[in-house]
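Asks: Could you have a look at this structure, given as structure tokens, before my questions?
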Amino acid sequence: MSEHITPVRTYLVIFMALMVLTAITVAVAFMHLGPLNDIVAMGIAVTKACLVILFFMHVRQSSRLTKVVVLAGFLWLLFLIGFTMSDYLTRGMIMLQGPVG
Amino acid sequence: MQGESSHAWGLQHHFDSFDQQREASFLGMWVFLVTEIMFFGGVFTAYIVYRSSQGAAFALGSHELDIGLGAINTAVLIGSSLTMALAVWAAQTGRRKAIVVFLLATIALGGVFLGIKVVEYSAKFEHHLVPGPNFHWDGPEAPGVEMFFNLYFLMTGLHALHMVIGMGILLVVAVLAWRGAFSPENHNLVEGIGLYWHFVDIVWIFLFPLLYLLGRNIQV
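Heads up: the protein sequence lines correspond to chains W and U, in order.
Okay, so the first sequence: first residue is 0 according to numbering that gives the first Met the number 0, each after it adds one.
Okay, so the second sequence: first residue is 0 according to numbering that gives the first Met the number 0, each after it adds one.
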């Protein structure tokens, strides 16, 4: 029996942290921080997701193989978004000369 | 010799031990969830592409969403993740009735979430904010706002579909738990549906700020 059993207290602490982070992200949404608004909102969302993955989903105690699979999944998500946006965000930079066929 | 007759009850013959069986189940579930990450990833990418060019319209659209109901639903879903985690804990520690209670609590909180979603959806129908022939927008940026609501219904609809499927599986697992199908050594179904449920929670953790919060600070 080598399965690690997370104590109930840990789950309650993570739950409270998730609730506090939700309250913070709602409060920050009404502040005028310019581009920082998006960064803070996404930063808090990523933090909450990491808490859920590491503690609720037990990835913290999982094998290295599982950790590699989880990381690879999110890495490929970044590729999907990154390469797509490297196209869309740079289209205006290219000044085409002459008639466009 | 590790013959089938010497195997413990609940241990599949192709596994040497419960630890190996659990590891395979956990890893297999995560491989499925990675395909789900890519599935939702496509929709999230569509959102990012349109928001990068229709930022003003998306800000207008986010002002039409009920931030209070969205925040309550976020809390409800995080609460359901807590009861789900406690159901797995109950399975690990061999508390049969507690597994059932926590699974039913998870289903109930999922029901509360979907109920609030119905209230939100019906308000969108009443205000003619559902894309299609009945969509009506008096303000500026009408095509962009309609695209925002296209993505709103696509993303929240796919998320709600995942919740309905999850609640159905949770109910089956709850019945199995009541019949005593799980033990501290063998409860991979509880852990597996738990991983799925937490994943659905994570999708909402991103949907809430993307749809409800971003653009709120902009005066419209």
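Where a beta carbon is used, it is the ideal one built from N, C-alpha and C, also for glycine.
(1) Grab the span of the alpha helix (DSSP H) containing MET154 (chain U) for me, first residue to last.
(2) Report the CB separation of THR24 (chain W) from HIS57 (chain W) in whole angstroms; it is logged as a contact under 8 Å.
(3) Pairs of beta-carbons, one from the region 146 to 153 of chain U and one from the region 171 to 191 of chain U, closer than 8 Å: are there three or more?
(4) So with Cβ pairs under 8 Å, would you call PHE101 (chain U) a contact of chain W?
(5) I want to see whether chain U comes within less than 8 Å of THR83 (chain W), judged by CB atoms only; does it?
(6) For a test of your reading of the model: does the CB of SER80 (chain U) fall under 7 Å from any non-hydrogen atom of the ligand FMN? Yes or no.
(7) Looking at chain U, is there any beta carbon in it that lies within less than 8 Å of the beta carbon of VAL19 (chain W)?
(8) Cβ atoms of ALA28 (chain W) and ALA113 (chain W): under 8 Å apart, would you say?
(9) Quick check: is the beta carbon of GLU63 (chain U) nearer than 8 Å to any beta carbon in chain W?
(10) Taking only three categories from DSSP, how would you classify PRO208 (chain U)?
(11) If TRP29 (chain U) sits next to LEU194 (chain U), beta carbons under 8 Å apart, how far is it from one beta carbon to the other, in whole angstroms?
(12) Between the beta-carbon of LEU79 (chain W) and the beta-carbon of GLY40 (chain U), is there less than 8 Å?
(13) By Cβ distance below 7 Å, which residues in the same chain neighbour LEU20 (chain W) in space, the five residues on each side in sequence not counted?
(14) Do the CB positions of THR65 (chain W) and PHE38 (chain U) come within less than 8 Å of each other?
Replies: Put simply:
(1) 141 to 177
(2) Their Cβ separation, rounded to whole angstroms, is 25 Å, which puts THR24 (chain W) and HIS57 (chain W) out of contact at 8 Å.
(3) no
(4) no
(5) yes
(6) Annotation note on the ligand FMN: not contained in the displayed structure, which lists no ligands.
(7) no
(8) No statement about residue 113 (chain W) is possible, as the shown extent of chain W runs from 0 to 100 and does not include it.
(9) no
(10) helix
(11) 7 Å
(12) yes
(13) ILE43, THR46 and LYS47
(14) no
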